[in-house]
Amino acid sequence: ICQSQSPSLSLPHLPPGNRKFVFYIYELYFEEGDIIYITDMSDTSWWKGTSKGRTGLIPSNYVAEQVESVDNPFHEAAKRGNLSWLRECLDNRVGVNGLDKAGSTALYWACHGGHRDTVEMLFTQPNIELNQQNKLGDTALHAAAWKGYADIVQLLLAKVARTDLRNNEKKLALDMVTNAAYASLLKKQQGIDAVRTLSNAEDYLNDEESD
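Taking the numbering used here, the leading residue of the sequence shown gets 432, the next gets one more, and so forth.
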(Lines of atoms letter the chains of each structure in order from A; the text may use other names.)
(Lines give C-alpha, C1' and ligand atoms only; values in the text may rest on other atoms or scores of the structure.)
Protein backbone atom coordinates (compact mmCIF):
# COMPACT_ATOMS: atom_id res chain seq x y z
CA ILE A 432 0.00 0.00 0.00
CA CYS A 433 1.40 3.39 -0.95
CA GLN A 434 0.10 6.67 0.41
CA SER A 435 0.13 9.50 -2.12
CA GLN A 436 -2.03 12.10 -3.85
CA SER A 437 -4.17 11.91 -7.00
CA PRO A 438 -7.39 13.32 -8.48
CA SER A 439 -10.48 12.73 -6.35
CA LEU A 440 -13.13 10.10 -7.09
CA SER A 441 -16.60 11.63 -7.43
CA LEU A 442 -19.42 9.58 -5.91
CA PRO A 443 -23.06 10.15 -6.92
CA HIS A 444 -25.22 12.06 -4.43
CA LEU A 445 -27.66 9.52 -3.01
CA PRO A 446 -29.72 9.36 0.22
CA PRO A 447 -27.78 8.13 3.29
CA GLY A 448 -29.51 4.74 3.15
CA ASN A 449 -27.94 4.00 -0.23
CA ARG A 450 -24.44 5.06 0.75
CA LYS A 451 -23.16 1.54 1.47
CA PHE A 452 -24.50 0.32 -1.88
CA VAL A 453 -22.59 3.07 -3.67
CA PHE A 454 -19.39 2.05 -1.87
CA TYR A 455 -19.76 -1.52 -3.14
CA ILE A 456 -20.23 -0.29 -6.72
CA TYR A 457 -17.00 1.71 -6.46
CA GLU A 458 -15.01 -0.96 -4.61
CA LEU A 459 -11.51 -1.40 -6.02
CA TYR A 460 -10.65 -4.99 -6.88
CA PHE A 461 -7.05 -6.14 -6.67
CA GLU A 462 -4.97 -9.30 -6.46
CA GLU A 463 -2.19 -10.42 -4.16
CA GLY A 464 1.01 -8.56 -5.01
CA ASP A 465 -0.73 -5.53 -6.55
CA ILE A 466 0.47 -2.10 -5.45
CA ILE A 467 -2.36 0.15 -4.27
CA TYR A 468 -1.85 3.90 -4.05
CA ILE A 469 -3.96 5.27 -1.19
CA THR A 470 -5.13 8.81 -1.96
CA ASP A 471 -7.81 9.56 0.63
CA MET A 472 -8.16 8.23 4.20
CA SER A 473 -10.81 10.70 5.37
CA ASP A 474 -13.52 8.02 5.65
CA THR A 475 -12.77 5.68 8.56
CA SER A 476 -14.37 2.65 6.88
CA TRP A 477 -13.42 3.02 3.21
CA TRP A 478 -10.20 4.43 1.79
CA LYS A 479 -9.80 5.65 -1.77
CA GLY A 480 -6.99 4.17 -3.83
CA THR A 481 -5.65 3.58 -7.32
CA SER A 482 -4.15 0.39 -8.75
CA LYS A 483 -3.17 -0.36 -12.35
CA GLY A 484 -4.76 2.92 -13.41
CA ARG A 485 -8.13 2.11 -11.78
CA THR A 486 -9.48 4.22 -8.91
CA GLY A 487 -11.92 2.94 -6.31
CA LEU A 488 -12.61 2.21 -2.64
CA ILE A 489 -11.11 -0.44 -0.37
CA PRO A 490 -12.06 -1.44 3.21
CA SER A 491 -9.74 0.36 5.63
CA ASN A 492 -9.71 -2.56 8.07
CA TYR A 493 -8.35 -4.88 5.38
CA VAL A 494 -5.58 -2.43 4.55
CA ALA A 495 -4.62 -1.95 8.19
CA GLU A 496 -4.49 -5.69 8.92
CA GLN A 497 -3.25 -7.34 5.72
CA VAL A 498 -1.04 -4.95 3.80
CA GLU A 499 2.47 -3.54 4.17
CA SER A 500 2.51 0.25 3.87
CA VAL A 501 5.03 2.47 2.05
CA ASP A 502 4.73 6.23 2.54
CA ASN A 503 5.56 8.58 -0.35
CA PRO A 504 6.18 5.90 -3.01
CA PHE A 505 6.97 8.47 -5.69
CA HIS A 506 9.75 9.92 -3.54
CA GLU A 507 11.10 6.45 -2.76
CA ALA A 508 11.20 5.58 -6.45
CA ALA A 509 13.05 8.83 -7.20
CA LYS A 510 15.53 8.28 -4.34
CA ARG A 511 16.38 4.84 -5.66
CA GLY A 512 16.38 5.79 -9.33
CA ASN A 513 13.81 3.07 -9.91
CA LEU A 514 12.34 3.99 -13.29
CA SER A 515 9.76 1.20 -13.49
CA TRP A 516 8.35 2.12 -10.07
CA LEU A 517 8.41 5.81 -10.97
CA ARG A 518 6.54 5.06 -14.21
CA GLU A 519 3.96 3.03 -12.30
CA CYS A 520 3.41 5.95 -9.91
CA LEU A 521 2.85 8.25 -12.88
CA ASP A 522 0.46 5.74 -14.47
CA ASN A 523 -1.52 5.75 -11.22
CA ARG A 524 -1.70 9.56 -11.26
CA VAL A 525 0.45 10.21 -8.20
CA GLY A 526 1.01 13.96 -7.80
CA VAL A 527 4.43 14.83 -9.25
CA ASN A 528 4.94 17.82 -6.96
CA GLY A 529 3.83 16.17 -3.71
CA LEU A 530 5.96 16.83 -0.61
CA ASP A 531 7.30 14.30 1.87
CA LYS A 532 7.85 14.91 5.60
CA ALA A 533 11.00 16.88 4.83
CA GLY A 534 9.06 19.13 2.45
CA SER A 535 11.00 17.73 -0.52
CA THR A 536 9.72 16.76 -3.96
CA ALA A 537 10.57 13.61 -5.91
CA LEU A 538 12.67 15.81 -8.22
CA TYR A 539 14.74 16.96 -5.24
CA TRP A 540 15.52 13.35 -4.28
CA ALA A 541 16.32 12.34 -7.86
CA CYS A 542 18.82 15.22 -8.05
CA HIS A 543 20.17 14.43 -4.58
CA GLY A 544 20.81 10.83 -5.65
CA GLY A 545 22.37 11.73 -8.98
CA HIS A 546 19.80 9.75 -10.97
CA ARG A 547 19.98 11.51 -14.32
CA ASP A 548 17.51 9.21 -16.11
CA THR A 549 15.01 9.73 -13.29
CA VAL A 550 15.42 13.50 -13.52
CA GLU A 551 14.87 13.34 -17.27
CA MET A 552 11.70 11.29 -16.81
CA LEU A 553 10.38 13.81 -14.28
CA PHE A 554 11.12 16.60 -16.74
CA THR A 555 8.63 15.03 -19.15
CA GLN A 556 5.83 16.01 -16.77
CA PRO A 557 4.42 19.35 -17.96
CA ASN A 558 3.73 20.77 -14.49
CA ILE A 559 6.93 19.69 -12.73
CA GLU A 560 8.03 22.28 -10.15
CA LEU A 561 11.76 23.02 -10.42
CA ASN A 562 12.14 25.49 -7.59
CA GLN A 563 10.28 24.01 -4.62
CA GLN A 564 12.19 24.64 -1.38
CA ASN A 565 12.09 22.01 1.35
CA LYS A 566 12.06 22.63 5.11
CA LEU A 567 15.79 23.43 4.99
CA GLY A 568 15.17 25.86 2.16
CA ASP A 569 17.05 23.70 -0.34
CA THR A 570 15.92 23.26 -3.95
CA ALA A 571 16.75 20.49 -6.41
CA LEU A 572 19.55 22.73 -7.69
CA HIS A 573 20.99 23.06 -4.17
CA ALA A 574 21.01 19.26 -3.89
CA ALA A 575 22.70 18.65 -7.24
CA ALA A 576 25.29 21.37 -6.61
CA TRP A 577 26.13 20.14 -3.11
CA LYS A 578 26.43 16.50 -4.19
CA GLY A 579 28.61 17.45 -7.14
CA TYR A 580 26.40 16.11 -9.93
CA ALA A 581 27.51 18.45 -12.69
CA ASP A 582 25.38 16.80 -15.39
CA ILE A 583 22.23 17.29 -13.32
CA VAL A 584 23.18 20.89 -12.56
CA GLN A 585 23.36 21.39 -16.34
CA LEU A 586 19.94 19.78 -16.84
CA LEU A 587 18.36 22.03 -14.22
CA LEU A 588 19.96 25.15 -15.66
CA ALA A 589 18.79 24.16 -19.14
CA LYS A 590 15.25 24.09 -17.70
CA VAL A 591 15.93 27.57 -16.24
CA ALA A 592 15.87 26.56 -12.58
CA ARG A 593 16.23 29.63 -10.39
CA THR A 594 19.73 30.35 -9.08
CA ASP A 595 18.75 33.21 -6.76
CA LEU A 596 16.97 31.16 -4.06
CA ARG A 597 18.69 30.97 -0.68
CA ASN A 598 18.22 28.17 1.83
CA ASN A 599 17.75 28.58 5.58
CA GLU A 600 21.51 29.11 5.96
CA LYS A 601 21.29 31.95 3.42
CA LYS A 602 23.22 29.90 0.87
CA LEU A 603 22.65 29.94 -2.87
CA ALA A 604 23.19 26.80 -4.92
CA LEU A 605 26.37 28.54 -6.13
CA ASP A 606 27.67 28.57 -2.54
CA MET A 607 27.30 24.80 -2.33
CA VAL A 608 28.76 23.76 -5.68
CA THR A 609 31.84 21.53 -5.49
CA ASN A 610 32.93 21.75 -9.13
CA ALA A 611 34.77 24.90 -10.25
CA ALA A 612 33.63 24.61 -13.87
CA TYR A 613 30.00 24.45 -12.85
CA ALA A 614 30.44 27.21 -10.33
CA SER A 615 31.27 29.36 -13.36
CA LEU A 616 28.18 28.06 -15.15
CA LEU A 617 25.99 28.91 -12.16
CA LYS A 618 27.51 32.39 -11.95
CA LYS A 619 26.70 32.96 -15.61
CA GLN A 620 23.10 31.79 -15.15
CA GLN A 621 22.79 33.90 -12.01
CA GLY A 622 23.83 36.94 -14.03
CA ILE A 623 21.17 36.13 -16.64
CA ASP A 624 18.55 35.81 -13.89
CA ALA A 625 19.61 39.16 -12.42
CA VAL A 626 19.33 40.88 -15.82
CA ARG A 627 15.92 39.31 -16.38
CA THR A 628 14.69 40.50 -12.97
CA LEU A 629 15.99 44.03 -13.62
CA SER A 630 14.33 44.07 -17.03
CA ASN A 631 11.00 43.00 -15.54
CA ALA A 632 11.27 45.72 -12.90
CA GLU A 633 11.97 48.36 -15.55
CA ASP A 634 9.00 47.19 -17.61
CA TYR A 635 6.79 47.47 -14.54
CA LEU A 636 8.00 51.00 -13.79
CA ASN A 637 7.48 52.04 -17.42
CA ASP A 638 3.92 50.69 -17.30
CA GLU A 639 3.28 52.63 -14.08
CA GLU A 640 4.58 55.86 -15.64
CA SER A 641 2.46 55.41 -18.78
CA ASP A 642 -0.65 55.05 -16.59
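Every residue, glycine too, gets a C-beta built ideally from N, C-alpha and C.
Quick check on the DSSP output: the alpha helix (DSSP H) that includes residue i runs from which residue to which?
i, result
"T549", "R547 to F554"
"L586", "A581 to A589"
"L567", "Element bounds for L567: n/a, residue is neither H nor E."
"S515", "L514 to D522"
"D606", "A604 to M607"
"R593", "Here R593 belongs to no alpha helix (DSSP H), and DSSP marks it neither H nor E."
"P504", "P504 to R511"
"A541", "A537 to G544"
For residue i, collect the residues of the same chain with a Cβ closer than 6 Å to its Cβ; drop the 5 residues on either side in sequence, then sort them by chain order.
i, result
"E560", "N528"
"L602", "For the record, residue 602 in the displayed sequence is Lys; it is not Leu. There are no such residues."
"L521", "none"
Assuming contact is defined by CB atoms lying nearer than 8 Å, are residue i and residue j in contact in what I supplied?
i, j, result
"S491", "S473", "no"
"V525", "P504", "yes"
"A592", "L605", "no"
"A574", "H543", "yes"
"V550", "L586", "yes"
"D465", "K483", "yes"
"A509", "W540", "yes"
Shortest alpha-carbon distance to residue i belongs to which of the options?
i, options, result
"D548", "S535, N513 and N523", "N513"
"R511", "T594, L530 and L538", "L538"
"G487", "K601, N523 and W516", "N523"
"Q564", "M552, K578, W577 and N598", "N598"
"D502", "R485, E600, K618 and D531", "D531"
"K619", "N562, L553, Y580 and D595", "D595"
"A533", "G579, W577 and G568", "G568"
"F554", "R485, L517 and L603", "L517"
"S535", "A589, T570 and Y468", "T570"
"K566", "K590, V584 and E600", "E600"
"N562", "Y468, V584 and C520", "V584"
"M552", "Y580, E519 and G579", "E519"
What residue does the beta strand (DSSP E) around residue i start on, and which one ends it?
i, result
"D471", "Y468 to D471"
"A482", "A small fix is needed here, since residue 482 is Ser in this sequence, not Ala. From DSSP, the beta strand (DSSP E) with S482 extends over W477 to S482."
"L488", "R485 to P490"
Please work out which residues of its chain come closer than 7 Å, Cβ to Cβ, to residue i, disregarding the five sequence neighbours upstream and downstream, and give them in chain order.
i, result
"D582", "R547"
Within a Cβ cutoff of 8 Å, which residues of the same chain sit near residue i, ignoring the five residues on either side of it in sequence?
i, result
"K590", "F554 and L561"
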